[in-house]
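Residue numbers (our numbering), protein chains in the order written: chain A, 59 to 386; chain B, 59 to 386.
Read through the structure below, which is laid out as structure tokens, and then see the notes.
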DNA sequence: AGCGGTTTGGAAAGCGCTTTCCGTCCTGTG
DNA sequence: CACAGGACGGAAAGCGCTTTCCAAACCGCT
């Protein structure tokens, strides 16, 4: 392995000059710079980031924490964050919590130990988040780490937050305009903030329009959660339209309905949230609220790198498709 | 930040003893060990991986290189690899090539500079892979790095390779048994080895059975590739059954057929490869060859960590579903 | 010519660990 | 009882960089 010392020797200059040339930290005589660059080139020198990190006290590593990489939502966010990191010459390490809050805390701790330059937390916050998470994040920030959240804000931290309430409300409005009279909501886990906001926004708009309160069924935030929860809705047999708080759940719901011989949208309309692109070829195509997922990731990274606890709100756009069909 | 020196001082022992206690590198008196551990506990010591890596010359970082994290195939493989890495206490950094061979080379180079413990290359190899890739991998291995490939072997390197030929052949056999008379293959990019193997395996089995040679249409390896390529098949109007060399392409094909009013499987059967779980709720459900995706990732990691250029073959299982319907 | 002030190169002190090397002490043996 | 040999603690030498801190050189000025 070629070290900087080799380069310096080869160029006939000091270690300091070599380092300064390669970084532009301080002015270096043009002649010497030329020599250093030539030497580096000839020897095929490549800096050792580990040593750089140790010496300078800061790494070029970004920590990205997601719940589940197989969930296309997180995959898309991660993809965006990685693209942005790439532009900054930063490296991304990904950790998955598998929806275990304790693991999330452990990941943040590990990233702090690693001296990660910044941490992006993309799992959405929950009412029953352990207090250790906030404590651990605090510790990390005190040590100079930067943090940004995706999908849900936390007091005092930068975040890029989709307009969950507004998006869900707009969706409810659009569906009401379509003439749907009775709604149900597959609301996900009771404590999950994103799920709560979407449920609340949707229900709020219905109330504002004087429509009957929706049937709210809780369950998992994933495909199987939607698949299970839809059972209650089907059993009640009241609703004409179901809103699942995310697309993946909506897919599970549609599958559950199909198993019961309930047609979508003829017998029951279904809408989701997120507009996952992998799911766009589903039939019937899902009515949903489009979120610029990759952009969420990108902006979170920029936010983490920048300063100030800014919260950026990202709007969603209602997209009406076949799953909510024409009015009955 | 608490350093090991702090711990040693607090415990009244030397740096060496502290280090040895925490690592079990050498026998240390029980009494001293107790003191060290206590001191570490009291001070809330956490090792600095950067320093460890610099001093020992090896990091706890695994580099995972994929083409596209949003593609559920890669997401699943990545997930498996990360789970396995987690068990080993290793950290995973993910890089996406965006299907650009040059970026792949650059990523490997960056990971070598980072002194990554191992690199897992999950993008499948292509005939037009730049020779620099092999060179760069070689350099990395010479520097003590370990490599494992997923999905496609490369001479001299450990790999976990799905039985693409055998799987595709088995699928062809199953479809032939169903009575399909005329086939087409959405074969992906001409140079991509995985695509070639699957195409070859499928066509080979047809030939072995004395069936007419399939119409082979090349195109992209993703959803849009399948969507475009199916146009030619539809135009020819010959085939009764289309084999797309991966599920994502098959989904694109199904979408393309739907746009043309061609029913699946009534008018044309469609089969894929991989058995992507995110797509399981698609209608009609896709006939495919199931691959244990997460397991591929896990085994690749173990392979990279172990030694010897072993190549592990992973079998696929034909899964007949509605997209190939009953025989016509 | 003499002097403060500014550049700019180099020596060297770390960054926080691991690991070699050395010395001491303890053991068992002839 | 002397001595070879094994255990085990500590000093210290790095790992490959960055970044002070110094010193030399040079500037413009009185």
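Cβ atoms here follow ideal geometry from the backbone N, Cα and C, with glycine treated the same way.
Item: Is there a Cβ of chain B sitting closer than 8 Å to that of residue 339 (chain A), yes or no?; Value: yes
Item: Could you pull out every residue in the same chain whose Cβ sits closer than 8 Å to the Cβ of residue 194 (chain B), ignoring the five residues on either side in sequence?; Value: 163, 166, 167 and 170
Item: Do you know how far the Cα of residue 362 (chain A) is from the Cα of residue 205 (chain A)?; Value: 5 Å
Item: Could you spell out where the beta strand (DSSP E) holding residue 334 (chain B) opens and where it closes?; Value: From DSSP, residue 334 (chain B) is part of no beta strand (DSSP E); its letter is neither H nor E.
Item: Check the C-beta distance from residue 118 (chain A) over to residue 149 (chain A) and give it rounded, since I have them as a contact under 8 Å.; Value: 6 Å
Item: Quickly, what does DSSP pair residue 270 (chain A) with across the bridge? List them, please.; Value: In the DSSP output, where bridge partners are listed per residue, residue 270 (chain A) has none listed.
Item: Report yes or no: do the stretch 99-113 of chain A and the stretch 123-139 of chain A share at least 3 C-beta pairs separated by less than 8 Å?; Value: no
Item: Using CA coordinates, which residue listed in B:83, B:94, B:97 and B:126 is at the minimum distance from residue 114 (chain B)?; Value: B:83
Item: Which residue spans inside the stretch 109-140 of chain B form an unbroken beta strand (DSSP E) run of at least 3?; Value: 119-124
Item: Consider the Cβ of residue 175 (chain B): report whether some Cβ of chain A lies at a distance smaller than 8 Å.; Value: no
Item: Does DSSP put residue 60 (chain B) in a helix, in a strand, or in coil?; Value: coil
Item: Could you give the C-beta distance for residue 227 (chain A) and residue 278 (chain A), rounded to a whole number, given that I count them as a contact under 8 Å?; Value: Actually they are not in contact, since the Cβ atoms of residue 227 (chain A) and residue 278 (chain A) sit about 24 Å apart, beyond 8 Å.
Item: Does any C-beta atom of chain B lie closer than 8 Å to the C-beta of residue 114 (chain A)?; Value: no
Item: Consult DSSP for residue 262 (chain A) and reduce its assignment to one of helix, strand or coil.; Value: helix
Item: Does the stretch 347-360 of chain B come into contact with the stretch 178-188 of chain B, if we say contact requires no fewer than three beta-carbon pairs (one atom in each stretch) closer than 8 Å?; Value: yes
Item: Does the pairing of the stretch 222-240 of chain A with the stretch 288-306 of chain A give three or more beta-carbon distances under 8 Å?; Value: yes
Item: Spell out whether any CB of chain A is found under 8 Å from the CB atom of residue 155 (chain B).; Value: no
Item: CA-CA distance, residue 200 (chain B) and residue 108 (chain A)?; Value: 19 Å
Item: Leaving aside the five residues before and after residue 267 (chain B) along the sequence, list all residues of the same chain whose C-beta is less than 7 Å from its C-beta, in chain order.; Value: 234
Item: Quick one: is residue 137 (chain A) near chain B, going by C-beta distance under 8 Å?; Value: yes
Item: Any idea what DSSP makes of residue 238 (chain A), helix, strand or coil?; Value: coil
Item: Applying a beta-carbon distance threshold of less than 8 Å, which residues of chain A neighbour residue 151 (chain B)?; Value: 119, 149, 150, 151 and 152
Item: Using CA atoms only, rank isn't needed, just tell me which of B:145, B:68, B:86 and B:62 is closest to residue 110 (chain B).; Value: B:62
Item: Using CA coordinates, which residue listed in A:270, A:144 and A:310 is at the minimum distance from residue 281 (chain A)?; Value: A:310
Item: Using alpha carbons as the reference points, say which of B:157, B:369, B:364 and B:377 lies closest to residue 202 (chain B).; Value: B:364
Item: Tell me, please, whether the CB atom of residue 345 (chain B) is closer than 8 Å to any CB atom in chain A?; Value: no
Item: Between residue 386 (chain A) and the rest of its own chain, which residues show a CB-CB distance below 6 Å, the 5 nearest in sequence each way excluded?; Value: Summary for residue 386 (chain A): the model assigns pLDDT 45, below 50, so the residue's position carries little reliability, and this model does not support an answer.
Item: Check for me: the alpha helix (DSSP H) holding residue 165 (chain B) runs from which residue to which?; Value: 159-171
Item: Under 7 Å between beta-carbons, which chain B residues line up against residue 104 (chain A)? List them in chain order, please.; Value: 171
Item: How about residue 331 (chain B) and residue 303 (chain B): do their beta carbons lie closer than 8 Å?; Value: yes
Item: Beta-carbon within less than 6 Å of residue 283 (chain B)'s beta-carbon, same chain only, minus the 5 sequence neighbours each way: which residues are those?; Value: 277 and 307
Item: List, in order along the chain, the chain A residues whose C-beta lies closer than 8 Å to that of residue 309 (chain B)?; Value: 339
Item: Using a Cβ cut-off of 7 Å, pull out every chain B residue sitting near residue 133 (chain A), in sequence order please.; Value: 127, 128 and 133
Item: Are the C-beta of residue 111 (chain A) and some C-beta of chain B separated by less than 8 Å?; Value: yes
Item: Taking residue 217 (chain B) as the reference, give the member of B:339, B:370 and B:273 with the closest Cα.; Value: B:370
Item: Does the CB of residue 205 (chain B) have a neighbour CB from chain A at under 8 Å?; Value: no
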